Amino acid sequence: MTQSLRRLLTEIRPEAEFDRSTDFFGDGLLDSFDLMTFVSTLDKKYAISIEGTDIVPEHFCSFDAIQSLLTKYGVAE
Amino acid sequence: MNFVFSRKRIAGILVALPANERRFVDDMRRFDFPESRSLKLMEVMGYDRHRVVTEGTCVSDLAVIALERLFDRKLVDREAVDALIVVTQSPDHFMPPTSNIIQGRLKLKHDMLCLDIPQGCAGYLIGLIQAFLILQQPHLKNVLVVNADVLSRKVAVTDRNSYPLIGDGLAVTLVENNAGPDVIYANVKMEGSASDALIIPAGGFRQPCSAETAVVRDAGDGNSRSLNDLRMDGTAVFNFVQREVPPMIDDLLRFANSSKDQVDFFLFHQPNKFMLQKLANKMGVPHEKMPMNVVENFGNSSGVTVPTAIAFNLGERLVRESRNVCLAGFGVGLTWSSMLLQLGPLDFCEMIDVL
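Chains as they are written, first to last, in our numbering: chain P, 20 to 96; chain F, -12 to 342.
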């Protein structure tokens, strides 16, 4: 799962080193507009609709946080 | 706060947009972002074209053209206008009110009320509610609600958060007393403690414009703007909308003893396509009942996007027939408002290009 997420994130921000971060927003790797693009990508890839109230930086700040959120939407590793 | 109005009618809507059109693919060259990143954003948010005024154009300039058009075509009698409400965040001046300026330029009668309301994304609904309140006076017949903004003049062209989506425009709505049986339900909510989520920091009395406030600075996220420019906390606004709008619509429908199935169209403020898709999904509303095509065609012109969504998607249809519609606006303030009404048949519902 982490590998798949890394690939999707790198498509949005090719220059960012996500493996070295546990706070993608605090470290400047993602901004709020990247988040919208990323959510749209996840929605399509996993055929889900992440609710607007879940689209907050806390749920997308690390690979672990994203995996946790996807588990909530029934996406298995 | 809930409102109920009876014996009131929206009689017509005329949307007047500046003919000057900009394209996102041209705008994005000014942003400090890789082109591929901007193109992805374009697809997700629905950015494409947006209408902006040419330098120097003010709200009253758009209003005079649009209102003269209504008077010339005898869709409204100049002498029969009892009140002119102007909802705008971009007045011609701090003083006098823009509504007075428009009244003067159009030589409307003295025996009337001119009123400015400085509201934004929910402003169209606030203006309609104010018109209905004025028409509680049974001897008054007609109120014109002019909702307009030229905020492109207060957005930095190097600000990718705001410039690609900003649109200028104006809508005139004729509201009248009417003997019909339909009831209009509305609600309004306010949260001023979050007012800095959408703000133009300088230019008022708190921080007057100066050489210092005009300096364009790197905002730290790849965007550049000055304190004279509009600043939007995109994440805060997005989360506010997703959190507050669905329960507001539920409250309105409950108050009106109605349901989502009974609503033909949800005609909402149009911040961007992504936000509206998420709202529709959360509310369980089919996307075909919630038009989301205003930003990609015209840009986000604050409250004006609501009448634009009406005229662009249902214009001719609403001249022939009536539909049960739910309107909603949400943003600057923070303010959010919704309205349930039977809309149509209208005397006019159309769009024109001006200037």
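In this text, a Cβ means the ideal position worked out from N, Cα and C, and glycines have one as well.
In this text, all values refer to a predicted model and were calculated from it rather than measured experimentally.
Local Cβ density within 10 Å of residue 283(F), reported as buried at 16 or more and exposed below that: buried
Collapsed DSSP secondary structure at residue 50(P) in the structure displayed: coil
Cβ shell of residue 251(F) (< 8 Å), same chain only, five flanking positions each side left out: 276, 310, 311, 312
Residues within the stretch 264 to 278 of chain F neighbouring chain A, beta-carbon criterion of under 9 Å: Of the protein chains in the structure, P and F, none is chain A.
Where the stretch 229 to 250 of chain F meets chain P: residues whose CB sits under 7 Å from a CB there: For chain P, the residues of the stretch 229 to 250 of chain F that bring a beta carbon within less than 7 Å of one of its beta carbons are 229, 230, in chain order.
For residue 96(F), three-class secondary structure by DSSP: coil
Where the beta strand (DSSP E) containing residue 329(F) begins and where it ends: 322 to 330
Own chain, CB closer than 8 Å to residue 265(F), minus 5 neighbours either side, in chain order: 229
CA nearest to the CA of residue 50(F), picked from 279(F), 226(F), 93(F): 93(F)
Listed by chain order, chain P residues near residue 261(F) by CB distance under 7 Å: Simply 55, 59.
The stretch 53 to 70 of chain F touching the stretch 123 to 139 of chain F, judged by at least three CB pairs closer than 8 Å: yes
Burial state of residue -12(F), where buried means 16 or more other Cβ atoms lie within 10 Å: Around the beta-carbon of residue -12(F), fewer than 16 other beta-carbon atoms lie within 10 Å, marking it exposed.
Helix, strand or coil at residue 277(F) [DSSP, three-state]: coil
Span of the beta strand (DSSP E), counted from its first residue to its last, around residue 74(P): Where residue 74(P) is concerned, there is no enclosing beta strand (DSSP E), given that its DSSP letter is neither H nor E.
Closest by C-alpha distance to residue 317(F), when choosing among 338(F), 6(F), 224(F): 224(F)
Nearest-angstrom Cβ-Cβ length linking residue 112(F) and residue 326(F), presumed shorter than 8 Å: 5 Å
is_contact[residue 27(F), chain P] using C-beta, thresh 9 Å: yes
DSSP-derived helix/strand/coil call for residue 17(F): helix
Endpoints, beta strand (DSSP E) assigned at residue 161(F): 156 to 164
Beta-carbon gap between residue 30(F) and residue 59(P) smaller than 9 Å: Their beta carbons are under 9 Å apart, which means residue 30(F) touches residue 59(P) by this criterion.
Selection from 213(F), 288(F), 189(F), 96(F) that minimises the alpha carbon distance to residue 145(F): 213(F)
is_contact[residue 75(P), chain F] using C-beta, thresh 9 Å: yes
Residue 265(F) - DSSP class collapsed to helix/strand/coil: helix
Where residue 343(F) meets chain P, residues with beta-carbon distance less than 7 Å: The first residue shown for chain F is -12 and the last is 342, placing residue 343(F) beyond what the model contains.
Those runs of the alpha helix (DSSP H) which lie wholly inside the stretch 106 to 154 of chain F and span at least 4 residues: 110 to 121
Own chain residues within Cβ distance below 7 Å of residue 96(F), not counting five before or after: 66
Under 9 Å by beta carbon: chain P residues contacting residue 226(F): 71, 72, 74, 75
Min CB distance residue 7(F) to chain P below 9 Å: no
Counterpart residues of residue 4(F) in DSSP-defined beta bridges: 340(F)
Classification of residue 163(F) by the beta-carbon crowding that lies within 10 angstroms, buried from 16 upward: buried
Rounded straight-line distance, which links the Cα of residue 106(F) to that of residue 197(F): 25 Å
Nearest-angstrom Cβ-Cβ length linking residue 100(F) and residue 135(F), presumed shorter than 8 Å: About 18 Å separates the two Cβ atoms, so there is no contact after all.
C-beta atoms of residue 376(F) and residue 39(F) nearer than 9 Å: Outside the displayed span of chain F (-12 to 342) sits residue 376(F), for which this structure offers no information.
Partners in chain P for residue 222(F), counting only beta-carbon separations shorter than 8 Å: 51, 54, 75, 76
Other residues of its chain near residue 86(F): CB distance less than 8 Å, five sequence neighbours each side excluded: 71, 72, 73, 101, 102, 103, 133
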